[in-house]
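According to the numbering used here, the residues represented by the sequence shown are 79 to 586, in order.
Beta carbons: idealized from backbone N, C-alpha and C, even for Gly.
The structure appears below as structure tokens.
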Amino acid sequence: MTKPVRVRFAPSPTGPLHIGGVRTALYNYLFSKKNNGTFILRIEDTDQTRFVPGSEEYIIKSLQWCGIKYDEGVGIGGPYAPYRQSERKVIYKEFTDKLVENAYAYLAFDTPEELDEMRKKKGTDGQPLQYNAVTRLQMKNSLSLNSDEVNKLLKNQVPYVIRIKVPENIIITVDDIIRGKVDVNSSTLDDKVIFKSDGLPTYHLANVVDDFLMKISHVIRGEEWLPSAPLHVLLYKYLGWENEMPAFAHLPLLLKPEGNGKLSKRDGDKLGFPVFPLEWTDPVSGEKYAGYRESGYLPQAFVNMLALLGWNPGTEQEIFSMQQLIESFSLERVNKAGARFSPEKTKWFNHQYINMLEVEQLSDLFENELKKENIKTDRDYLVKVTALVRERINLLTDFATEAIYFFKAPETYDTKVIKEKWKENSPDLLQELMDLLNGISDFNEQNIEFEVKEFLVKKGMSLGQVLPVFRLCLVGSNKGPSLFQISSLLGKEETIRRINKAVNTIKK
Ligand code: GLU
């Protein structure tokens with residue numbers, strides 16, 4: 079019988095969740111749902127020096143915004159609680175002691191100065207020395223010292239760490255679903271610290287112990303953890319859990335839009351797009367980082383974009399609902415090569431989703447945008463405006479700028495349009511146009527278009543001589559959808575008021 083699928087997302091609360099982290103959570107979620115499994119949120123907070131207040135809440139809110147629901151974990155509990163590693167301290171101690179008892183780990187009393195001293199020296203290969211099979215017996219630890227010396231140090235409460243004893247020159251194989259078999263020679267690894275002098279385990283030990291205790295079937299995480307995987311495999315062996323070892327899947331890196339290199343936290347602000355799902359204010363520096371939510375993205379679009387950043391469905395399909403993603407997802411279709419992030423494609427997805435929403439629902443979202451600008455509006459009118467402008471909108475936040483003229487008469491007029499289109503006779507012409515519009519009793523799009531065009535024929539003028547100036551009066555620029563639609567939505571009175579205002583404001 080195959081093991082039930084249990085996967086976890088295990089972020090450390092060291093700051094806001096980067097989009098790469100959201101993608102890891104998403105792939106774990108999709109994989110678990112596809113396989114009727116369980117998705118767990120575990121907070122790995124054993125490195126207290128890197129703890130950043132507010133990051134755990136940020137992680138949870140980000141997952142909520144994306145619609146990535148977890149079945150067990152911090153905040154909701156579950157059969158393997160607690161799910162915050164700082165609350166599981168005693169558990170790790172027990173397993174560390176077992177490793178020491180079985181001579182798979184040892185106590186090391188070296189001071190930071192002594193460690194620096196060692197690392198300054200070079201080995202026969204010209205590389206800086208590491209704490210490993212070659213050097214460990216020259217260092218101050220329970221392998222190099224006799225038991226009396228060790229007991230004395232312990233009695234004197236000399237701080238110590240516990241290091242794993244990595245064997246020399248054996249091949250450790252990491253079997254990875256995405257990358258195949260990855261062989262690593264143990265001599266390239268060092269005797270990593272697994273338990274620190276502050277009484278807390280390091281990431282490696284806590285991670286392996288919890289994955290085992292929480293019955294994790296698949297470890298799906300970023301490529302940056304691949305170098306740690308051989309050590310984890312060794313820990314599973316040392317702890318006697320080799321048969322229960324989860325399957326590994328290391329996801330490809332997210333790359334910068336241009337050129338190579340990992341997409342970093344700083345890139346967003348440098349290159350002008352968010353790298354975080356939600357806005358984040360650094361609690362120490364007060365620095366603000368943009369978020370997708372605040373920048374006008376829909377979570378469905380954001381999730382769809384992320385899903386395709388490293389996974390391909392094997393078809394041309396690009397638009398996927400969460401349910402469709404669950405149905406199509408497989409780890410076998412995750413690419414090995416890094417995935418290049420594209421801000422343009424992300425906007426494209428958002429545009430698609432904005433145009434797939436029901437007009438009523440989109441109107442609600444646009445209403446929020448107007449509220450931010452302190453603009454109140456009539457619901458029916460807003461729904462009509464929404465239907466008219468939606469295809470021109472990429473970001474929800476575009477609405478307040480793109481469609482502002484539906485709610486406020488222009489206060490300034492595009493000087494370039496004035497220069498090109500506003501002629502000496504424009505005021506007279508616009509006066510005639512106002513009289514004409516005033517005479518239209520049923521002020522709808524068709525009637526306006528018919529009357530204006532007939533007027534132009536009578537005057538022997540082209541559309542280009544009149545419509546740009548007319549538009550300038552209503553919109554303030556040469557932008558926007560059909561002028562006749564704009565005018566009919568604004569209504570007769572407002573249209574005439576705006577033409578009047580423009581005539582009085584624009585002086586050539
Ligand atoms: N705590 C690690 C992180 O912050 C988890 C890595 C893993 O999933 O094993 O990414």
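As assigned by DSSP and simplified to three states, the class of residue i
i           : result
residue 242 : strand
residue 152 : coil
residue 207 : coil
residue 143 : helix
residue 417 : strand
residue 285 : helix
residue 221 : coil
residue 476 : helix
residue 368 : coil
residue 499 : helix
residue 186 : strand
residue 119 : strand
residue 344 : coil
residue 212 : coil
residue 263 : strand
residue 166 : coil
residue 327 : strand
residue 389 : strand
residue 96  : coil
residue 471 : coil
residue 490 : coil
residue 444 : helix
residue 584 : coil
residue 548 : helix
residue 250 : strand
residue 300 : strand
Residues near residue i by beta carbon distance below 7 Å, same chain, minus five either side
i           : result
residue 250 : 262, 264, 308, 311 and 312
residue 301 : 328, 329, 330 and 331
residue 143 : 355, 356, 371 and 377
residue 529 : 514 and 518
residue 463 : 481, 484 and 567
Identity of the residue in the options nearest residue i by Cα
i           : options               : result
residue 596 : 471, 406 and 585      : Limits of the chain in this structure are 79 at one end and 586 at the other, which puts residue 596 out of reach.
residue 281 : 436, 124, 82 and 440  : 124
residue 385 : 318, 96, 100 and 560  : 100
residue 195 : 536, 217 and 179      : 217
residue 503 : 555, 523, 405 and 543 : 543
residue 105 : 406, 203 and 454      : 406
residue 581 : 488, 536, 534 and 521 : 488
residue 213 : 226, 224, 225 and 243 : 243
residue 476 : 458, 445, 492 and 323 : 445
residue 452 : 478, 560, 260 and 179 : 478
residue 368 : 343, 381 and 387      : 343
residue 277 : 459, 175 and 108      : 175
residue 387 : 419, 410 and 363      : 419
residue 180 : 197, 97, 272 and 318  : 318
residue 247 : 441, 210 and 555      : 210
residue 178 : 259, 283 and 155      : 283
residue 348 : 335, 557 and 303      : 335
residue 398 : 374, 410 and 428      : 428
residue 260 : 306, 270 and 275      : 306
Assumed close pair residue i, residue j - CB separation to whole angstroms, cut-off 8 Å
i           : j           : result
residue 54  : residue 286 : There is no way to answer for residue 54, as the model of the chain reaches only from 79 to 586.
residue 92  : residue 128 : 4 Å
residue 333 : residue 416 : 4 Å
residue 466 : residue 563 : 6 Å
residue 379 : residue 430 : 7 Å
residue 163 : residue 192 : The pair is not a contact, with the Cβ atoms about 29 Å apart (cut-off 8 Å).
residue 253 : residue 173 : With a Cβ gap of about 23 Å, residue 253 and residue 173 do not count as contacting.
residue 111 : residue 404 : 4 Å
residue 389 : residue 412 : 5 Å
residue 223 : residue 215 : With a Cβ gap of about 10 Å, residue 223 and residue 215 do not count as contacting.
residue 289 : residue 324 : 6 Å
residue 559 : residue 358 : Incorrect: roughly 36 Å between the Cβ atoms, too far for contact.
Same chain, Cβ closer than 8 Å to residue i, neighbours up to 5 away in sequence not counted
i           : result
residue 512 : 574, 577 and 578
residue 486 : 453
residue 526 : 515, 518, 562, 565 and 566
Own chain, CB closer than 6 Å to residue i, minus 5 neighbours either side, in chain order
i           : result
residue 424 : 383
residue 86  : 118, 120 and 294
residue 351 : 421
residue 268 : 208, 209 and 210
residue 161 : 120, 151 and 152
Validate contact between the segment 226 to 238 and the segment 281 to 296 using beta carbons, cut 8 Å, 3 pairs: no
At least 3 beta-carbon pairs within less than 8 Å: the segment 115 to 129 vs the segment 142 to 151: yes
Does the segment 565 to 572 come within contact of the segment 501 to 513, defined as at least 3 CB pairs closer than 8 Å? no
Say whether the segment 213 to 231 touches the segment 178 to 196, bearing in mind that this needs 3 or more beta-carbon pairs closer than 8 Å, one atom from each stretch. yes
For the pair the segment 488 to 504 and the segment 546 to 554, tell me if three or more CB-CB distances fall below 8 Å. yes
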